[in-house]
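Asker:
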Amino acid sequence: MIREDYIERTYAGWLGKIIGIRLGSPIEGWPYEQIQKIYGEIKDYLVDYKDYAADDDSNGPLFFVRAIHDYAHQIDQITEKEMGNTWLNYAPENHAFFWWGGYGISTEHTAYYNLKSGIVAPRSGSIEQNGLACAEQIGGQIFSDCWGFVAPGNPKLAAEYARKMARVSHDGEALHGAMFVAGCISAAYEETDIMKVIEIGLDLIPKDSEYARVLNDVIHFYHNDTRKNWRDCLKYIHTNYGYDKYLGVCHIIPNAAVMMLSMLYGEGDFTKTQCICNMCGWDTDCNAGNVGSIMGVLVGIDQIEDKWVKPINDLLLSSSLIGGLNISTVAKTTEVFCELAYKIEGIEPPKDLVNPEEYVLNFNLSKSTQAMRIETNDIRSEPHIENVMIEGTNKRCLKLVTNRLQNSSEIKLFHKTYYQPKDLHDSRYDPAFTPILYPGQTIKSVLKNDSGFEVLARLYIKDINNDVIHYSKAYELTSEWNEIEYNIPKIENCLIKEAGIEFYRSGNTRIHDKVLIIYMERFGFYGSPEYNIDFTKEHIENYGFGHCTLHKEISQFTMKNGMWELDGEYLSGSCFDEAEAYTGPYYHKDYEYECTLNPQCGFYHLIHFRLQGGIRSYAFGWYGENKLALLKRHKDYSVLAKKEVSLIYHMDTTLKVRVVNNKISAYVNGEKIFELEDDEFGYGQIGVSVREGSHCHFKNIRVCSI
15 MIREDYIERT
25 YAGWLGKIIG
35 IRLGSPIEGW
45 PYEQIQKIYG
55 EIKDYLVDYK
65 DYAADDDSNG
75 PLFFVRAIHD
85 YAHQIDQITE
95 KEMGNTWLNY
105 APENHAFFWW
115 GGYGISTEHT
125 AYYNLKSGIV
135 APRSGSIEQN
145 GLACAEQIGG
155 QIFSDCWGFV
165 APGNPKLAAE
175 YARKMARVSH
185 DGEALHGAMF
195 VAGCISAAYE
205 ETDIMKVIEI
215 GLDLIPKDSE
225 YARVLNDVIH
235 FYHNDTRKNW
245 RDCLKYIHTN
255 YGYDKYLGVC
265 HIIPNAAVMM
275 LSMLYGEGDF
285 TKTQCICNMC
295 GWDTDCNAGN
305 VGSIMGVLVG
315 IDQIEDKWVK
325 PINDLLLSSS
335 LIGGLNISTV
345 AKTTEVFCEL
355 AYKIEGIEPP
365 KDLVNPEEYV
375 LNFNLSKSTQ
385 AMRIETNDIR
395 SEPHIENVMI
405 EGTNKRCLKL
415 VTNRLQNSSE
425 IKLFHKTYYQ
435 PKDLHDSRYD
445 PAFTPILYPG
455 QTIKSVLKND
465 SGFEVLARLY
475 IKDINNDVIH
485 YSKAYELTSE
495 WNEIEYNIPK
505 IENCLIKEAG
515 IEFYRSGNTR
525 IHDKVLIIYM
535 ERFGFYGSPE
545 YNIDFTKEHI
555 ENYGFGHCTL
565 HKEISQFTMK
575 NGMWELDGEY
585 LSGSCFDEAE
595 AYTGPYYHKD
605 YEYECTLNPQ
615 CGFYHLIHFR
625 LQGGIRSYAF
635 GWYGENKLAL
645 LKRHKDYSVL
655 AKKEVSLIYH
665 MDTTLKVRVV
675 NNKISAYVNG
685 EKIFELEDDE
695 FGYGQIGVSV
705 REGSHCHFKN
715 IRVCSI
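Start counting the sequence shown at 15; every next residue gets the next number (this note's numbering).
1) Short of 7 Å in beta carbon distance, which residues of its chain neighbour Thr-563, apart from the five on each side in sequence? Order them along the chain.
2) Can you give the Cα-Cα distance for Ile-16 and Ser-588, rounded to whole angstroms?
3) Compute the Euclidean distance between the alpha carbons of Thr-572 and Leu-335, then round it to the nearest angstrom.
4) Is it the case that the stretch 254–270 contacts the stretch 282–290, given that we only count it when at least three CB pairs across the two stretches are under 8 Å?
5) Which of the three DSSP states is assigned to His-622 in this structure?
6) Determine the direct distance from the alpha carbon of Glu-424 to that of Leu-412, and round the result to whole angstroms.
7) Would the stretch 198–210 and the stretch 114–132 be scored as touching if the rule is three or more Cβ pairs under 8 Å?
8) Could you have a look at Asp-283 and say whether DSSP puts it in helix, strand or coil?
9) To test your reading of the DSSP string, which unbroken beta strand (DSSP E) runs of 3 or more residues are found completely within the stretch 132–169?
10) Near Gly-30, which residues of its chain fall below 6 Å by C-beta distance, leaving aside the five closest residues on each side in sequence?
11) So, at 7 Å on beta carbons, what are the nonlocal neighbours of Ala-26 in its own chain, with the 5 sequence-adjacent residues on each side left out?
12) Specify, as a first and last residue, the run of the beta strand (DSSP E) that Trp-495 falls within.
13) Please give the ranges of any beta strand (DSSP E) in the stretch 308–378, keeping only runs that are unbroken, at least 3 residues long and fully inside the region.
14) If you count every other CB in all the chains shown that lies within 10 Å of the CB of Arg-442, and 16 or more means buried, which is it?
15) Tell me which residues share the same chain as Ala-196 and place their Cβ nearer than 6 Å to its Cβ, disregarding the 5 neighbours each side in the sequence.
16) Could you check what DSSP says for Trp-296 in three-state terms: helix, strand or coil?
17) Look at the alpha carbon of Met-403 and the alpha carbon of Lys-409, and state the distance between them as a whole number of angstroms.
18) For Asn-714, which of helix, strand or coil comes out of DSSP?
19) Beta-carbon within less than 6 Å of Met-193's beta-carbon, same chain only, minus the 5 sequence neighbours each way: which residues are those?
20) Identify the residues that DSSP records as bridge partners of Ile-290: which are they?
21) If we call anything under 7 Å between Cβ atoms a contact, is Lys-381 one with Val-460?
22) With distance defined between alpha-carbon atoms, name the residue in Lys-51, Tyr-632 and Phe-77 nearest to Ser-333.
23) With 16 other CB atoms within 10 Å as the buried threshold, where does Val-482 fall?
24) Would you give the residue range spanned by the beta strand (DSSP E) that Tyr-250 belongs to?
25) Ignore the nearest five residues each way along the sequence and tell me which others in Lys-646's own chain have a CB closer than 6 Å to its CB.
26) Hey, Thr-135 and Lys-95: beta-carbon distance below 7 Å or not?
27) Can you name the start and end residues of the alpha helix (DSSP H) that Val-232 belongs to?
28) Kindly indicate which residue of Ile-266, Ile-532, Leu-102 and Arg-245 has the alpha-carbon position closest to the one of Ala-147.
29) Rounded to a whole number of angstroms, what is the C-alpha to C-alpha distance between Arg-536 and Tyr-518?
30) For Val-704, collect the residues of the same chain with a Cβ closer than 8 Å to its Cβ; drop the 5 residues on either side in sequence, then sort them by chain order.
31) Am I right that Gln-151 and Val-263 are in contact with their C-beta atoms under 8 Å? What's the rounded C-beta distance?
32) Assuming Leu-189 is part of the alpha helix (DSSP H), what are its boundary residues?
33) Would you report the Cα separation of Asp-529 and Gly-698, rounded to the nearest angstrom?
34) Please report the Cβ distance between Ser-542 and Gly-627, rounded to the nearest whole angstrom; I am assuming they are in contact, meaning their Cβ atoms lie under 8 Å.
35) Comparing the C-beta of Pro-169 with each C-beta of chain B, is any distance below 7 Å?
36) Leaving aside the five residues before and after Gly-154 along the sequence, list all residues of the same chain whose C-beta is less than 7 Å from its C-beta, in chain order.
Below is the structure:
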């Protein structure tokens, strides 16, 4: 049975992971000596990040777990092959998501290209295929937290899921690391002592493995260390299990030893464990991330200090292929894990667990702020937000307080719905985004005014393509709960970067140094979008420093691969093998999608719809010389219908698809060409692509909901 506090403990574990990543990132790869020289004792974050960009350590758990969402959730029903397909579906090619350090050097890079070339998992990650050095790097454990989250209190099941996914890219001792980490997280839901959690984790892996031997040696050293000085233990690890003893760029064993050291000498304290783990050096963000997951679940959210929580502000950015899923929060992505856990157990989830398919933010989890932000025209008002319990209930909400509200004060409480490179602290694992809010949708919020004087509120959106702010009507907020809403009108060429609520005084109210107190119970986006994209309004988003390959994106789009440019009114796509670009909301179901194509050369020019990633979509267009086809892609393309239609180069041709339930209709210049039924993909983004050396121009994208 799933315990009553499961969701909050999962939030604490996932937040612990994010804290560890953020704390360890500035010193990733540093040796102990350098950290000591520059920072000495670590007691807090080393860098005050503006908005922390995506990281491979959080990308992996968040998107690899979707294998059991897309295929099968029971352990005996899902295979390594399907888990490998999940990599191809959610990871862009040769940029973002994880370290693309070279084939045979980066384990994940190697596995991805094995999978793409048809080497099916688990051979894709095997020692037989890739050699020992490549197969036993640290990735086996750093992406495995999710399996502990979805199998709470069942370490054996968590370890089995972790082993299957790890085999996509790793082998040997790396599999033991995956099983150990996932098993420890799972065990932490039921245990109260870190030593007991460790013992359960070790029982899941072969006792004669190098992984178990090293970790048991560290445990033995700890128990015999009368001084209980972690630096003495680190010297022991350096001497016996340092990087120089193992092959490859970042082997799993030395880092596992550091994780064990920090959990033992941290003595069950979250902060102490995190600080020790990072001061040890080596792969700091990975080690602290895994340890953060274990410790977060073990101690719970109340034992994680606010100094770690507040700078994050619940924000979680990712760098998958799906731009809309790349904008989220720690609390909201916790729902992804929890929904799957209830599904695995065959239990109906709690009613207050928000459907992950909706972008609705509640504040039920202690310390959650859901990445809400404050802006004011008067810094003297000193606004701040905090998560509080709603009086007389067991539910929580967000509390906004301004200390010195004036007649002229305007306070905005908002959520970013699109990010640009300039918003981010750096280009870490190059995230790219599509908006999470569009014209045609409705913003709703539930608020209460506890200020003691009249306050007006109006919802708004900021459209950066047209440099306009659009407002709803004004609502007078009372001391009761008020639901307010804004039906966003159809706006041409719109790109919504933020959505929020503006608070200001009533025209009849004179105020000076008043305290504004507003409670927010919910904030979310509803309904179906209607939007168009004019490429003369779009721009290049330049990424390209840090770990990843220099690259650029087109605003509102994520690129899987190929070469993409803006060429006047067109989006230009060309390739040697394939080039794909995606946009639109991920969970969009019934709609019409129209796009004008101007083929330049080659025979493969397609629009995609109900697109769920790099290998899951429908497509329509030219697929071969003068062959118009309606296609389904599930890794490979299959032809649902085809017809001989001449392809005319350098001439605009308008393609349109209409999808309602399982019915698909396809049109060329307004003439219906195909109509059929297929129900494999019930929702998804839109996209454009070319293949096999083709080059095409695309323009005038328009999507209307049905």
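Ideal Cβ positions, reconstructed from N, Cα and C, are used throughout, including at glycine.
Answerer: Answer, in terms of the structure:
1) If you number the sequence shown from 1, residue 563 lands on position 549. Caution is warranted here: a pLDDT of 47 is assigned to Thr-563, below 50, making its placement in the model unreliable, and no coordinate value can be reported.
2) Counting from one through the sequence shown, the residue named residue 16 turns up at place 2. Counting from one through the sequence shown, the residue named residue 588 turns up at place 574. If I take the Cα positions, the gap works out to 50 Å.
3) Within the sequence shown, the letter at position 558 stands for residue 572. Within the sequence shown, the letter at position 321 stands for residue 335. Looking at the two C-alpha atoms, the distance is approximately 6 Å.
4) no
5) Along the sequence shown, read from residue 1 onward, the residue named residue 622 stands at position 608. Looking at His-622 - three-state DSSP - the assignment turns out to be strand.
6) Here residue 412 refers to the residue found at position 398 of the sequence shown. Here residue 424 refers to the residue found at position 410 of the sequence shown. Each residue's Cα considered, the two are about 19 Å apart.
7) These segments do not touch.
8) Within the sequence shown, residue 283 is the residue found at index 269, counting from 1. In this structure, Asp-283 counts as coil in the three-state DSSP scheme.
9) none
10) Start at 1 with the first residue of the sequence shown, and residue 30 comes out as number 16. Take Gly-30, set aside five residues on each side of it, and the residues of its chain with a beta-carbon closer than 6 Å to its own are Gly-306, Ser-307, Met-309 and Gly-310, in chain order.
11) Taking the sequence shown and counting its residues from 1, one reaches residue 26 at position 12. By the criterion of a C-beta distance shorter than 7 Å, Ala-26 is surrounded in its chain by Gly-310, Val-311, Gly-314, Ile-315 and Ile-318, once the five residues flanking it on both sides are discounted.
12) Stepping through the sequence shown from its first residue, residue 495 is reached at position 481. Trp-495 -> no beta strand (DSSP E), and no H or E assigned at all.
13) 329–331, 341–343 and 373–376
14) If you number the sequence shown from 1, residue 442 lands on position 428. When all chains shown are included, Arg-442 counts as buried.
15) Taking the first residue of the sequence shown as 1, we reach residue 196 at position 182. Excluding sequence neighbours, Ala-196 sits near Ser-158, Trp-161, Gly-162, Ala-172, Ala-173 and Ala-176.
16) The residue given as residue 296 occupies position 282 in the sequence shown. Here Trp-296 sits in coil by DSSP.
17) Numbered from its first residue, the sequence shown carries residue 403 at position 389. Numbered from its first residue, the sequence shown carries residue 409 at position 395. Answer to the nearest angstrom: the Cα atoms are 6 Å apart.
18) Residue mapping note: residue 714 aligns to position 700 of the sequence shown, counting from 1. Correct three-state label for Asn-714: strand.
19) The residue you call residue 193 lines up with position 179 of the sequence shown. Within the same chain, Met-193 has close Cβ partners Ala-173, Ala-176, Arg-177, Leu-218 and Ile-219.
20) As a working mapping, residue 290 is identified with position 276 in the sequence shown. Beta-bridge pairing links Ile-290 to no other residue.
21) Locating residue 381 in the sequence shown gives position 367, counting from the first residue. Locating residue 460 in the sequence shown gives position 446, counting from the first residue. Cβ atoms of Lys-381 and Val-460: not closer than 7 Å.
22) Within the sequence shown, the letter at position 319 stands for residue 333. Comparing Cα-Cα distances from Ser-333 to each of Lys-51, Tyr-632 and Phe-77, the minimum goes to Phe-77.
23) As a position in the sequence shown, residue 482 is number 468, starting the count at 1. When all chains shown are included, Val-482 counts as exposed.
24) As a first step, residue 250 must be located in the sequence shown, where it is residue number 236. It is not in any beta strand (DSSP E) - Tyr-250 instead sits in the alpha helix (DSSP H) that spans 244–255.
25) Position 632 of the sequence shown, counting from 1, holds the residue named residue 646. Excluding residues within five positions, the ones whose Cβ falls inside 6 Å are Tyr-632, Ser-652 and Leu-654.
26) As a working note, residue 135 is residue 121 in the sequence shown. As a working note, residue 95 is residue 81 in the sequence shown. The sequence given here has Ala at residue 135, not Thr. Yes. Within cutoff.
27) Counted from its first residue, the sequence shown places residue 232 at position 218. Counting along the chain, the alpha helix (DSSP H) containing Val-232 begins and ends at 224–238.
28) As a first step, residue 147 is located in the sequence shown; it is residue number 133 there, counting from the start. Considering only alpha carbons, the answer is Ile-266.
29) On the sequence shown, position 522 is the one that residue 536 refers to. On the sequence shown, position 504 is the one that residue 518 refers to. So the two alpha carbons sit approximately 20 Å from each other.
30) As a first step, residue 704 is located in the sequence shown; it is residue number 690 there, counting from the start. Taken in chain order, the residues that qualify are Gly-576, Gly-587, Ser-588, Cys-589, Glu-592, Ala-593, Gly-616, Tyr-618, His-619, Leu-620 and Cys-710.
31) Here residue 151 is taken as the residue at index 137 of the sequence shown, counted from 1. Here residue 263 is taken as the residue at index 249 of the sequence shown, counted from 1. With 8 Å as the limit, Gln-151 and Val-263 qualify as a contact, their Cβ atoms being about 7 Å apart.
32) Taking the sequence shown and counting its residues from 1, the one referred to as residue 189 is at position 175. 187–202 is the span of the alpha helix (DSSP H), which, as asked, contains Leu-189.
33) Counting from one through the sequence shown, the residue named residue 529 turns up at place 515. Counting from one through the sequence shown, the residue named residue 698 turns up at place 684. It should be noted that the sequence gives Val, not Asp, for residue 529. Distance from the CA of Val-529 to the CA of Gly-698, rounded to the nearest whole angstrom, comes to 45 Å.
34) In the sequence shown, the residue the question calls residue 542 occupies position 528. In the sequence shown, the residue the question calls residue 627 occupies position 613. With 8 Å as the limit, Ser-542 and Gly-627 do not qualify as a contact, their Cβ atoms being about 21 Å apart.
35) Absent here is chain B; the protein component of the structure consists of one chain.
36) Looking up residue 154 in the sequence shown gives position 140. Excluding sequence neighbours, Gly-154 sits near Ala-180, His-184, Ala-188, Leu-189, Gly-191, Ala-192 and Ile-266.
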